Amino acid sequence: MTQSLIDLADLGFAWPGQAPLLDIPRFTLERGETLFLKGPSGSGKTTLLGLLGGVQKAQRGHIRLLGQDLGQLSAGARDHFRVDHTGYIFQQFNLLPFLSVRDNVELPCRFSRLRAERARQRHGSVDAAAAALLDH
2 MTQSLIDLAD
12 LGFAWPGQAP
22 LLDIPRFTLE
32 RGETLFLKGP
42 SGSGKTTLLG
52 LLGGVQKAQR
62 GHIRLLGQDL
72 GQLSAGARDH
82 FRVDHTGYIF
92 QQFNLLPFLS
102 VRDNVELPCR
112 FSRLRAERAR
122 QRHGSVDAAA
132 AALLDH
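Here the sequence shown is numbered in this note's numbering, starting from 2 and rising by one per residue.
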């Protein structure tokens with residue numbers, strides 16, 4: 002049996018001084034499944050993505066990505082895990098304006114040998130991997 006991409010259990014989060022924002026008893030996303038997050042402003046979509054990326058830490062429960070419990074990692078280890086295994090496109094995009102779109106897409110491979118090696122294995126080169134992503 003393969004491990005889930007995302008496995009959440011008893012996940013809870015609240016910003017300081019505010020009512021609980023997230024309360025997710027159980028959620029699993031398997032390989033090959035797609036998820037679309039939709040909700041009104043302030044409903045916790047961006048907070049959930051921050052938790053999944055290890056930017057914020059859950060106050061309660063467990064977040065497992067690719068079998069790794071993010072709550073067991075130090076802040077630095079979460080940073081390394083995020084660089085190697087996740088990617089974001091922010092609401093404001095946050096692209097580096099002095100780089101081309103292609104260079105922005107390739108940038109994570111400059112910070113992660115693991116990510117660059119995966120790109121080379123799947124597409125032959127980082128450049129070819131970026132081209133494939135931009136083709137979609």
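For every residue, glycine included, the Cβ atom is placed at its ideal position computed from N, Cα and C.
Quick caveat, the model's predicted, so the values are computed rather than measured.
Whole angstroms is fine: what's the gap from residue i's alpha carbon to residue j's?
i	j	result
Leu97	Asp104	9 Å
Leu100	Glu34	32 Å
Gly54	Arg83	6 Å
Lys39	Ile25	15 Å
Gly59	Gly72	A quick correction: the sequence has Ala, not Gly, at residue 59. The straight-line gap from Cα to Cα measures roughly 7 Å.
Pro109	Pro41	30 Å
Gly51	Asp85	16 Å
His124	Ala117	10 Å
Gly77	Gly45	24 Å
Thr47	Arg121	31 Å
Ala20	His137	40 Å
Residues in the same chain with beta-carbon distance under 8 Å from residue i, minus the five sequence neighbours each way, listed in chain order, please.
i	result
Phe28	Ile7, Asp8, Leu9 and Leu12
Asp70	His63 and Ile64
Val102	Leu96 and Leu135
Please list, in chain order, all residues of the same chain as residue i whose beta carbon is under 6 Å from its beta carbon, the five residues on each side excluded.
i	result
Leu36	Leu30
Glu107	Val127 and Ala131
Closer than 7 Å by C-beta to residue i: which residues in its own chain qualify, once you throw out the five before and the five after it? Chain order, please.
i	result
Ser75	none
Trp167	The chain is shown only over 2 to 137; residue 167 falls outside these bounds and no answer can be derived.
Thr87	Gly54
Could you check if residue i is buried or exposed, using at least 16 other CB atoms within 10 Å of its CB as the buried criterion?
i	result
Arg32	exposed
Curious, which full-length alpha helix (DSSP H) runs of at least 4 residues does the segment 34-81 contain?
46-53
Complete runs of the alpha helix (DSSP H) confined to the segment 85-116 [at least 4 residues]
102-112
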